[in-house]
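Just below is one structure, and these are the notes that go with it.
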DNA sequence: TTTTTAGTTGAATAATTGTTCAACTATTAT
DNA sequence: ATAATAGTTGAACAATTATTCAACTAAAAA
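Chains as they are written, first to last, in this note's numbering: chain G, 1 to 122; chain L, 1001 to 1122.
Structure below.
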């Protein structure tokens, strides 16, 4: 057991082998931040409702607002949020903008999580 | 086109058929909040690092702190967070607490997201 | 018994985030 | 041209959250 050299933590390194091994498996900071952002996009129930709706229907902002009982502004902000994360895409037609899913992985992740929660509740 | 009756949104219902159809597909509020919480647990890069480490190694708090260059306190807080969400479990042995994954779905979701990000970067 | 160490916990602080509000653009209808 | 509508945007506010700090418990070592 030796005192840790990292300078930032307040620990002794107890299991130097474990630490050395695990350190090799660390992912790149960039990838981890991108992954965190992807999950962050899904971490709000309003955004999940939107994604769930867009799984089955292409919808415009007004319709989403009416379904969710929210103002267009609030919905639009969240749509921009999801668009930035490349989870949805918008298609302008006249005055309206139609939104739909823009990612094959979202649906998989969404379903996997739903299964997980439903199983955990049993 | 009629004015929306929901009282909360500031819209006209332009496409009443779409709205009526989509409303049937709404998930229960409880399920959506639980799903959002699950993603929230994964939406922080510190927690993702911890989960990535615990995919391969059972580790104690000191070791995790040393690997991540963080104080034990900060790490412990996040571990409690992940434990509450039932994503990891702790096993006490003497003074040490060994943490490991406590969920088969986490690994699937984690890998799916990693693939998604790596593909999107191409 | 006393001291050291691993880990937890609650309060405080700083940063982030969701919604509201008001002002705005672009398109369509009158 | 003017008015109405769909949607966007930035600032402000309230709520949430990650980390720090200090005090704490429990187990092991001296």
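All residues carry an ideal CB built from backbone N, CA and C; glycine is no exception.
### Task
Could you say if the region 1010-1029 of chain L and the region 1081-1100 of chain L meet the contact criterion of at least three C-beta pairs nearer than 8 angstroms?
no
#### Entry: Neighbourhood of residue 49 of chain G by C-beta, 7 angstroms cutoff - its chain only, sequence neighbours within 5 removed
68
### Query
Should residue 1018 of chain L and residue 59 of chain G be called a contact, given that it needs their Cβ atoms to be closer than 8 angstroms?
yes
### Task
Can you give me the Cβ contacts of residue 102 of chain G inside the same chain, cut-off strictly under 7 angstroms, excluding the 5 residues immediately before and after it?
86, 87, 88, 89
### Query
Rounded to the nearest angstrom, how far is the Cβ of residue 12 of chain G from that of residue 6 of chain G, given a contact under 8 angstroms?
Incorrect: roughly 11 angstroms between the Cβ atoms, too far for contact.
### Query
Would you call the region 1102-1116 of chain L and the region 110-119 of chain G in contact, with 3 or more CB pairs under 8 angstroms?
yes
### Message
Please confirm whether residue 71 of chain G has its beta-carbon closer than 8 angstroms to some beta-carbon of chain L.
### Response
yes
### Task
Would you mind giving the Cβ-Cβ distance between residue 1033 of chain L and residue 39 of chain G, rounded to the nearest angstrom? I have them listed as a contact below 8 angstroms.
Not confirmed; about 16 angstroms, so no contact.
### Message
If I follow the unbroken alpha helix (DSSP H) through residue 1092 of chain L, where does it start and stop?
### Response
No alpha helix (DSSP H) contains residue 1092 of chain L, which is instead part of the beta strand (DSSP E) from 1088-1093.
### Message
Between which two residues does the beta strand (DSSP E) holding residue 1101 of chain L run?
### Response
1096-1101
### Query
Listed from N- to C-terminal order along the chain, which residues in the region 1091-1114 of chain L have their beta-carbon within a distance smaller than 9 angstroms of any beta-carbon of chain G?
1096, 1103, 1104, 1105, 1106, 1108, 1109, 1110, 1112, 1113, 1114
### Message
What does the Cβ neighbour count give for residue 23 of chain G, buried or exposed, with the cut at 16 atoms within 10 Å?
### Response
exposed
### Message
I'd like to know whether the C-beta of residue 1012 of chain L is nearer than 8 angstroms to at least one C-beta of chain G.
### Response
yes
### Task
Using a Cβ-Cβ cut-off of less than 7 angstroms, list which residues of the region 46-59 of chain G approach chain L; keep chain order.
48, 49, 52, 53, 56, 57, 59
### Message
Rounded to the nearest angstrom, what separates residue 99 of chain G and residue 1120 of chain L at their Cα positions?
### Response
20 angstroms
### Query
Can you tell me where the alpha helix (DSSP H) with residue 1073 of chain L in it begins and where it stops?
1072-1084
### Message
Could you check whether residue 10 of chain G and residue 1095 of chain L sit closer than 8 angstroms to each other, using their CB atoms as the reference points?
### Response
no
### Message
Quick check on DSSP: helix, strand or coil for residue 56 of chain G?
### Response
coil
### Message
Between residue 1015 of chain L and chain G, is the shortest Cβ-Cβ distance under 8 angstroms, so that the two count as touching?
### Response
yes
### Task
Kindly list, in the order they appear in chain L, the residues whose Cβ is closer than 8 angstroms to that of residue 32 of chain G.
1045, 1048, 1049, 1052
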